[in-house]
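These notes concern the structure reproduced below.
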Amino acid sequence: MIVLCILLAMLSLFLFLKLIYQRKLVRKIKKQIDFLTDRDTQTEIMVEKTDRPIQDLATSINHLLKKYRSMGQEIERSDTLFRDTITSLSHDLRTPLATANGYIQLLQEQDLTGDQKEYVMIAEERISAVKLLLDQLFEFARIEADELKLNCRNTDIHSVLRDVVASYYGDFEQKKCVPHIVIPNSPAIIWGDPDALTRIFSNVVYNALVHGEGNYQITAALEEAQTVITVKNASSSIQQEDIPHLFDRFYTTDQSRTKKTTGLGLAIAQRLVTRMGGQISASLQNGIFAIQIVFPIVNF
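Sequential numbering of the sequence shown, starting at 1, is according to the UniProt record's numbering.
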């Protein structure tokens, strides 16, 4: 009986020590996984060969890591091919597009009938839409390839916003609406590229004009050490499930596809805002869609 108790005690001690050893190996594996997750490296999980189950676990993890890296490389190659294709397409189509637009201008100078004028106007609108698409495709490809260099400096974001809103005065007038605009006269200095800020605000305001259905509001406000720009509009084409995807490239809502938008405007805005250290978000409450842009103020 005593011998049996001693054997059980020794077995229990052995199992206890083995458990401690395995937990130590698992912690070691976890530490290596955390290291590999934070770094772009081809290193594999390494464990001592004294424990077969733990070794098998490490082997399985290494297989997963290889598949993950292979998928990542394939995605990177696909993105590179996509950007190169878009860039080439934009360059190749610009010349014939400019030629077609030139012929349209010549036709407009002719003595046309009412129907002919309408057809020419439709053709001009289609050419303008294609040009917008090409410009946005080219710009997006440059941003994704990190080829668009920003010239950041102290910039009055309120002044840039006022200029952009003023440039869309005729568009709001065509929609027979008067937007509610609140932009402080006092400057709000941020570290940013004026041209990039102009593109951001232009894309957001244009998006509101295309998809909005009234109740337009464009406001700027200082909140603590930040400036908050908000563009709101009533909209029935945007649903709550669209919100998480609005900044994805080429994303358009089901109800907005007939409006000939590219799905790139907000994606470009989001990437430019992020590159300048700001934040951009979208929300939908009670049928009011809002885009909010936040930048830190310099020397607040």
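Glycine residues also receive a C-beta, built at the ideal position from the N, C-alpha and C atoms.
- Rounded to the nearest angstrom, the gap between the Cα atoms of A234 and S283 is 12 angstroms.
- DSSP, reduced to helix, strand and coil, places A221 within a strand of the structure shown.
- Of the residues assessed, P179 falls on the buried side of the cut-off, its CB having 16 or more other CB atoms within 10 angstroms.
- Classified as buried, A196 has 16 or more neighbouring CB atoms from the shown chains inside 10 Å of its CB.
- For L272 against R162, the beta-carbon gap comes to about 19 angstroms, at or over 8 angstroms, which does not count as contact.
- In this structure, L264 sits away from L246, with a CB-CB distance that is not shorter than 7 angstroms.
- The DSSP-derived three-state label of V164 is helix.
- Secondary structure at T155: strand, using DSSP grouped into helix, strand and coil.
- The beta carbon of I157 sits closer than 8 angstroms to those of A188, I189, I190, G192, L197, A220, T227, I229, F295, all from its chain and outside the five residues before and after it, given in chain order.
- Comparing alpha carbon positions, the residue from M10, R77, S167, E224 closest to N203 is S167.
- With fewer than 16 other beta carbons inside 10 angstroms of its own, Q105 counts as exposed.
- Counted as a single uninterrupted DSSP element, the beta strand (DSSP E) harbouring P296 occupies residues 288-296.
- T252 is bridged by DSSP to nothing; it lacks a bridge partner.
- For A58, the closest alpha carbon among the candidates G72, S70, T43 is that of T43.
- Taking a C-beta distance under 7 angstroms as the contact criterion, Q108 and V120 qualify as a contact pair.
- The beta carbons of Y216 and F172 sit about 7 angstroms from each other, so the pair counts as a contact at 8 angstroms.
- Annotation: the continuous alpha helix (DSSP H) that includes G265 extends over 265-275.
- A direct Cα-Cα distance of roughly 28 angstroms separates M276 from Q285.
- The three-state secondary structure of I183, taken from DSSP, is coil.
- Each residue's CA atom was taken as its position, placing D242 and N207 some 14 angstroms apart.
- For N233, the beta-bridge partners assigned by DSSP are F289.
- If the five residues before and after I280 are omitted, its C-beta is found closer than 6 angstroms to the C-beta atoms of Q270, V273, I293, all from its own chain and listed in chain order.
- Inclusion of F140 and I268 in the CB contact set at 7 angstroms is warranted, their separation being smaller than that value.
- Here L150 carries a coil assignment [DSSP, helix/strand/coil].
- Across the set E213, T155, N154, D146, the C-alpha of E213 shows the shortest separation from the C-alpha of Q174.
- For V228, DSSP records a beta bridge to A221, V294.
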